[in-house]
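For the sequence shown, the residue numbers in numbering that gives the first Met the number 0 are 0 to 369.
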Amino acid sequence: MEKTVHVPLDGRAYDVVVGPGLLAQAGTRIAPLLRRRKVAVVTDENVSALHLETLRAGLASAGIEMEALALPPGESTKRWPQFERTVEWLLEQKVERNDVVIAFGGGVIGDLVGFAAAVLRRGVRFVQIPTSLLAQVDSSVGGKTGINAPQGKNLIGAFHQPALVLADTEVLGTLTARDFLAGYGEVVKYGLLGDSDFFDWLETNGPALAAGDMATRVEAVAHSVQMKADIVVRDETEQGDRALLNLGHTFCHALEAATGYSDRLFHGEGVAIGCALAFELSSRLGLCSQEDPSRVRAHIKAMGMKTDLADIPGDLPSAEALVELMGQDKKVVDGQLRFILARGIGEAFVTADVPKEAVLGVLKDALAAR
């Protein structure tokens, strides 16, 4: 059932292994990377309580010692204080340039620990062991690392590719339904941006995937990773094609900022709503048929996910204020907002040529429907 996706970056190639039971095999998988049989693991308190002893046993089976640091869970960890704590802890562990640091958790841990590895001794190798669906299909692959600033998400960071990614699909069984579905927002994104057949497959298999069917989960994660890997190899540092991976994210980041990066809206939920809004905007600009946004929203809704602005609890700012928040996004180039729009399902493209009035119109109507 296991699948391996190879990411063939020149001089920095690595494998992403997807399948059940990988934590128990972590020692044999990681041992070939090590000069000495010792690793430093950074995780969060939730993952630590559920899975750290399984990982410890998996590493010990290959004679690998492990020291671990557990950070508080949640997006607020992705800031300077916990980053500083992590780097200083790694130095206390006497991590050398030939050693390997393990990021064991969801996207927050992967991003923060990857950035710590990038700057520690000007760069040490790290292994991603992503424990959320969102991290397995998105943040653990491609080498984007970073932390948040008061001005916005991921504005401080570096490109630093992992040496290996172990995506244990068995671990997904301990996610809450809401966490799993939030990650599914990123899975749907891959079908919408470049593979209409995959979107068709998800429409058919999404319920089995959510219900825990392991073969379906392995297939969905591996296919998503392969799509991301293909794009990253074409455009590692996001000069062009890689921006396609931000489908739904311009709206999403504004909504995350508007909700204070809180539990009111998880990142993957924002991506799903953002994808629906991006297709609505594309339809209004005459780029795709009116049926496409309806189909996108129907599938997201059928999966029991947040679909509209009306599904976000609490107050939201005005359409004008949301557009202002978009201006803080990393995807602003020469003061121009870049949107990822679509000519149809599976046909996304990047453009800066979007009338502000059209964006305001979509947001105003979405807010009015709350």
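Think of the CB as a built atom: it goes at the ideal place given N, C-alpha and C, for glycine as much as any other residue.
**Request:** Counting only runs of 4+ residues fully inside the stretch 134-220, write out the alpha helix (DSSP H) ranges in chain order.
**Result:** The DSSP assignment places 176-193 and 195-210 as complete runs of the alpha helix (DSSP H) inside the stretch 134-220, in order along the chain (cut-off: 4 residues).
**Prompt:** How should K97 be labelled, buried or exposed, when 16 other C-beta atoms within 10 angstroms of its C-beta is the threshold for buried?
**Reply:** A small correction: the amino acid at residue 97 is Asn; Lys does not occupy that position in the sequence shown. Exposed, by the Cβ-count rule.
**Member of R121, E255 and H222 whose CA lies at the smallest distance from the CA of A271** = Relative to A271, the option among R121, E255 and H222 whose CA is nearest is E255.
**Item:** For G247, the three-state DSSP class (helix, strand or coil)
**Value:** Secondary structure at G247: coil, using DSSP grouped into helix, strand and coil.
**Item:** Whether L90 touches A347 by CB criterion (8 Å)
**Value:** The Cβ-Cβ distance between L90 and A347 does not fall below 8 Å.
**Prompt:** What number of angstroms, rounded off, separates the C-alpha of D196 from the C-alpha of A166?
**Reply:** Distance between the alpha carbons of D196 and A166 is about 24 Å.
**Asked** Run through DSSP, which three-state label would A12 get?
**Response** Of the three classes helix, strand and coil, the one that applies to A12 here is coil, per DSSP.
**Alpha carbon of R120 to alpha carbon of A102, nearest angstrom** = Distance between the alpha carbons of R120 and A102 is about 17 Å.
**Request:** Compute the beta-carbon to beta-carbon distance between E185 and G267, rounded to the nearest angstrom, for a pair I have assumed lies under 8 Å.
**Result:** Between G267 and E185 the Cβ distance is about 6 Å, and since that is below 8 Å, they are a contact.
**Request:** Can you tell me which of G26, R36, V118 and L180 puts its alpha carbon nearest to the alpha carbon of M304?
**Result:** Cα-wise, what sits closest to M304 is L180.
**Request:** Return yes when the Cβ of G182 is within less than 8 Å of the Cβ of S138, no when it is not.
**Result:** Against a cut-off of 8 Å, the Cβ pair of G182 and S138 comes out as no contact.
**Asked** Helix, strand or coil for F114 per DSSP?
**Response** F114 falls in the helix class under three-state DSSP.
**Message:** Considering only the alpha carbon of each residue, which of E235, P72, D110 and E279 lies closest to S12?
**Reply:** With the sequence shown as reference, residue 12 is identified as Ala, and Ser is not the correct amino acid for it. Residue E235 is the option with its Cα nearest to A12.
**Request:** Taking all protein chains shown into account, decide if D194 is buried (16 or more other Cβ within 10 angstroms of its Cβ) or exposed.
**Result:** Within 10 angstroms of the beta-carbon of D194 lie 16 or more other beta-carbons, which makes it buried.
**Message:** Considering only their Cβ atoms, is the gap separating I155 from G142 smaller than 8 Å?
**Reply:** No; because the gap between Cβ atoms is not below 8 Å, this pair is not in contact.
**Request:** Kindly indicate the opening and closing residues of the alpha helix (DSSP H) around D43.
**Result:** First-last for D43: K37 to D43, but that is the beta strand (DSSP E), not the alpha helix (DSSP H).
**Request:** Measure from the C-beta of D9 to each C-beta in chain C and report whether the shortest distance is under 8 Å.
**Result:** The question asks about chain C, but that chain is absent: this structure has only one protein chain.
**Request:** Classify V6 as helix, strand or coil using the three-state DSSP reduction.
**Result:** Strand at V6.
**Request:** Please state whether DSSP places R124 in a helix, a strand or coil.
**Result:** Residue state, collapsed to three classes: strand.
**Item:** Per-residue DSSP class, three states only, for E64
**Value:** Of the three classes helix, strand and coil, the one that applies to E64 here is strand, per DSSP.
**Item:** Host alpha helix (DSSP H) of G360 (start-end)
**Value:** Per DSSP, G360 belongs to the alpha helix (DSSP H) from K355 to A367.
**Item:** Beta carbon of G26 nearer than 8 Å to that of L58
**Value:** With respect to L58, G26 sits close: the two C-beta atoms are nearer than 8 Å.
**Prompt:** Secondary structure at G106, three-state DSSP: helix, strand or coil?
**Reply:** Three-state DSSP puts G106 in a helix.
**Message:** Per the DSSP calculation, V99 is bridged to which residue(s)?
**Reply:** Per DSSP, R124.
**Request:** Just mark P161 as buried or exposed, buried being the case when its beta carbon has 16 or more other beta carbons within 10 Å.
**Result:** That one is buried.
**Asked** Should D262 go down as buried or exposed, given a rule of 16 or more other Cβ atoms within 10 Å for buried?
**Response** Exposed.
**Asked** Going by other Cβ atoms of all chains shown within 10 Å of its Cβ, with 16 needed for buried, is Q81 buried or exposed?
**Response** Classification of Q81: buried, given that the 10 Å Cβ count is 16 or more.
**Request:** Assign V94 to one of three DSSP states: helix, strand, or coil.
**Result:** V94 falls in the coil class under three-state DSSP.
**Delimiting residues of the beta strand (DSSP E) encompassing A347** = It spans A347 to T350 - the beta strand (DSSP E) in which A347 sits, taken as one unbroken run.
**Asked** If you run the structure through DSSP and keep just helix, strand and coil, what is G18?
**Response** In this structure, G18 counts as strand in the three-state DSSP scheme.
**Request:** Out of V217, L276, Q238 and P71, state which residue places its alpha-carbon closest to the alpha-carbon of L246.
**Result:** It is L276 whose Cα lies nearest to the Cα of L246.
**Prompt:** Any idea if P312 is buried or exposed, counting beta-carbon neighbours within 10 angstroms, 16 or more meaning buried?
**Reply:** Its Cβ having fewer than 16 others within 10 Å, P312 is exposed.
**Message:** For V322 and V349, what's the separation of their Cα atoms in angstroms?
**Reply:** About 18 Å.
**According to DSSP, residues forming a beta bridge with A256** = Bridge partners of A256: none, in fact.
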